[in-house]
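Just so we're aligned: 41 in my numbering is position 20 of the sequence shown, and the numbers increase by one with no gaps anywhere.
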Amino acid sequence: MRSGITILLASSLLLTQPSFAQNTSKWALTGTQARQGYDPYLQELYWQLNDSPMQQKLRNVKPFPVGVVYYQQRGEKLEDAKREFETIRDLGFTALKQVQLVAPYNPPGYEEEVFHAAIDIGISPWYYGKGGWVDITPELLAELGIDMELTEENMPAIQQHPRMIDHQKKVWHERVERMDEKPAKPKGMGEPGRNNPWMPERLLPPFAKWLELEYKTVNTLKDAWNCGYTGSCNFTTFREAAQELKGTGFDQYGNGRGPLSRDFRRFRDAMKFQSELIVENYQKTMSLYYEWDPAEPERTGGHQLFENQAVNAWDLEGQAKTASIGGSFYSSIHLAHHFFLIENEIMRPVYWQARTVADMFKGGWAATWESTGGPTQWSGHQGNTVDGNTMSQLIVSYLAAGLKGIGFWMWNSRGEGWEVGEYALTDIQGHPSDRAVVAGNFSKKLQEQRFELWEAVDEPTVGILYSWENEAMLGRLSMGAYNLNTPVYKTNRDRQFRQLHTEARMGLSRALMNNNIPFEYLTERDLDAGLAARYPIIYLPCLLALKDEHVKIIKEYVRQGGRLVADFPVLMLDTYGRLNKQKEGSDFAELFGLQIADYYHSFNRNMVFDGDSLYTQYGVLKLNGAKVVNTFTNGVPALTSHLYGEGEAVLINFEASRMTYLPGNDKMEDIVTFCTLGDIRPPFEVKGNKESMVMRRAAPAADHYFILNDGPAEEIVIRSDVIRYRAAENVYTGEQLQLIQDGFTVKVPERSGVWVRAVKGE
């Protein structure tokens, strides 16, 4: 842990005493605070997490491309494409996310012609826009005869200088001429199985080598795999051990079947190995292309961010970190495809997905290079209205999460076949729709504000812990103990276990978001890097299992002044699938001041908290220093608190965060938020809002507020006792907002997103 954690956490100054709001629920909170001291959010460390020469160049140039996919229509030729590009440029878009040249009559060299034409018209033919410029250095300014000092203040003017623009266009034209020479992507081991850990024969030899590197001896492996305790192990070599995970019957997506074992660790190892294969292949690809052209960004990405990553053999953060070498990390965020696990709700979950992308690549160039451009009715899970208001919600969500690039699928729709007439920013006749106009206007404002947006940072009050190891254990639980195809044991209940951690993260995110509490997702790698002290509060949502070293880091975080909140179940297993007995003197018992004696469910008991009967897991607690703060009506502790060192560990003895996974449980959202915050408050609060949620990013000269409204129009007040503003503007409309003594008012249109820039100063 960093030595400064005590100062950062224990001595943060409370500038406004929190108090209960008047005439509201007893769980409502009010008041604002500012954290004191040098770098209280560890921003210097944050920028170091994914630092590289490429990321330094990007932070220097500060690109914010907004691109679209051009899809060649039947009969279109070069002049038609040029006219479309001019329309795209004039609306405000800066890039072509992709160029789909599909007509069978296209002549040789047509792709190069189209790319050159886009550059000449003034848009990038690649998704990355100015991210693909060569770096701007004092040497380059001298070479181009631009007589300006290279400073942050001068950078906008430098980038607008005609000689700089001409030079960068020349670089792009030369890149087009080399496209055919670009190396092919490395052929890795292929994408391993999805949705289960079993492997085809070709992956077993490298898996055996992985096991040998991990465990060194077969006896150590047998102990890790709980041999004897969960069944006999007859293997005598690592190669034979790898055969235990051999699958059969793989389909085109990688789904296979294989033997089950009562052991958990072997399945975790298979998931980890396969996820590392993907990461290794990404790393090779990034390194190859960075060596080929160190000025051209490449991207890595994922999708289905709400699925259990481990059981799919994915490591989203590992994939993101490979992008530090050569470019950007992104996720596809499609309304029709990526929200079925949250019953196709979109507005809040879009922000959660954007937040996940940013937080898996802290300090790096995170974006959504494939986002919804228009409505769908046939492909995907659920059709939606995607009008100008919806578009404003999407873009404001991306900005609020700190993404710095947007790519829309697509400009114009396919005219034939699957996805015909869907996803487009244009209408069916090919004319710009209202959503295209809104997106283009936002892009124009982004080009004006991008320099400051790159300086703007999150100041999170809560860190929500995402654990890959926890998902691995839940993923193994979801596989059951018998062949799930056996009629006597056919059940879907097991399969639900894999999503519990996600449901809890989303539930907590909903509660905090609806109460305007800033949060980020932090990871086990973040804990290893020393980032825990960035967060005044860390929350463990349905954290069934965690590595011992991470439990110790969290324990030290609390000892030095952090506030830890966990809900049930918490740390019931280790990452070998063994029961955590939480004995006296254990890290768990010392941290929480209690032991969990039994693990119950309220199915056949009436567990009532604050007048509501809860359907939940809960624990029988042996208290040893912890204080009971609240109880169920039957006297069972519902909320405990334990002072440990300079900090506090709070246990909510029910599945609090999962109870707010779906919308509508407003009271529990308030309870979860109240129990999470304690006496800690964010630096701003919102008054008068019924449907609007507010996020904030802080730049040195101004704060940027992002408001999402999912209901009728309303006027809200954003206020703070610890920040003063001298002006506030609706960035999209240019409207100057009314200042009040401690904040400003904002008129929020119905079902829309609003972006406000508030200038700091007395």
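A virtual CB, placed ideally from N, CA and C, is assigned to each residue, including glycine.
- By the Cβ neighbour-count rule, residue 200 is exposed, with fewer than 16 other Cβ atoms within 10 Å of its own.
- The C-beta of residue 728 has 16 or more other C-beta atoms within 10 Å across all chains shown, which makes the residue buried.
- Nearest Cα to residue 715 within the set 532, 633, 615: 532.
- Put simply, the backbone Cα of residue 578 is about 34 Å away from that of residue 426.
- Pairwise C-beta distances place the stretch 383-394 in contact with the stretch 62-74, as three or more of them are shorter than 8 Å.
- Relative to residue 128, the option among 217, 106, 97 whose CA is nearest is 97.
- Take the alpha-carbon of residue 377 and the one of residue 523: they are about 11 Å apart.
- Going by DSSP, residue 439 is part of no alpha helix (DSSP H) at all; its letter is neither H nor E.
- In the three-state reduction of the DSSP assignment, residue 57 falls in the coil class, being assigned neither a helical nor a strand state.
- By a beta-carbon distance limit of 8 Å, residue 428 contacts residue 118. Their separation comes to about 3 Å.
- Per DSSP, residue 752 is not a residue of any beta strand (DSSP E), being assigned neither H nor E.
- In this structure, residue 705 sits away from residue 50, with a CB-CB distance that is not shorter than 8 Å.
- Contact between residue 395 and residue 446 holds: CB atoms are separated by about 6 Å, below the 8 Å threshold.
- Where residue 716 is concerned, the enclosing beta strand (DSSP E) starts and stops at 713-719.
- If you ignore the 5 residues before and after residue 783, its C-beta comes within less than 6 Å of the C-beta of 745, all in its own chain and listed in chain order.
- Separation of the CB atoms of residue 247 and residue 598 is rounded to 7 Å, and the pair is thereby assigned contact status at 8 Å.
- In the structure shown, residue 471 adopts helical secondary structure according to DSSP, grouped into three states.
- Minimum Cα-Cα distance from residue 663 among the listed residues 203, 610, 634, 452 corresponds to 610.
- Per DSSP, reduced to three states, the secondary structure at residue 691 is helical.
- Comparing C-alpha distances from residue 757 to each of 748, 763, 146 shows the shortest one belongs to 748.
- Between residue 430 and residue 392, the C-beta spacing is below 8 Å.
- In this structure, 54 is the residue among 47, 54, 48, 46 with its C-alpha nearest to the C-alpha of residue 702.
- In this structure, the beta-carbon distance from residue 341 to residue 321 falls below 8 Å.
- A direct Cα-Cα distance of roughly 13 Å separates residue 575 from residue 487.
- Residue 408 and residue 561 have their alpha carbons spaced roughly 37 Å apart.
- Going by beta carbons, residue 772 and residue 732 fall inside the 8 Å limit.
- Annotation note: the stretch 538-610 contains the following uninterrupted alpha helix (DSSP H) runs of length 4 or greater, listed N- to C-terminal: 545-550, 569-580.
- Taking a cut-off of 8 Å for Cβ pairs, the stretch 406-420 and the stretch 554-570 do not touch, as fewer than three such pairs fall below it.
- Annotation: the continuous alpha helix (DSSP H) that includes residue 409 extends over 409-422.
- In this structure, the straight-line span from the alpha carbon of residue 261 to that of residue 594 is close to 27 Å.
- With contacts defined as CB atoms closer than 8 Å, residue 87 and residue 600 fail to qualify as a contacting pair.
- Pairing residue 189 with residue 154 gives a Cβ-Cβ distance under 8 Å.
- Classified as exposed, residue 636 has fewer than 16 neighbouring CB atoms from the shown chains inside 10 Å of its CB.
- When DSSP reads this structure, residue 761 sits in a beta bridge with 764.
- For the options 459, 434, 448, the alpha carbon positioned closest to that of residue 417 is the one of 459.
- By the C-beta criterion, the stretch 234-250 is judged to be in contact with the stretch 285-305, since at least 3 inter-stretch pairs fall below 8 Å.
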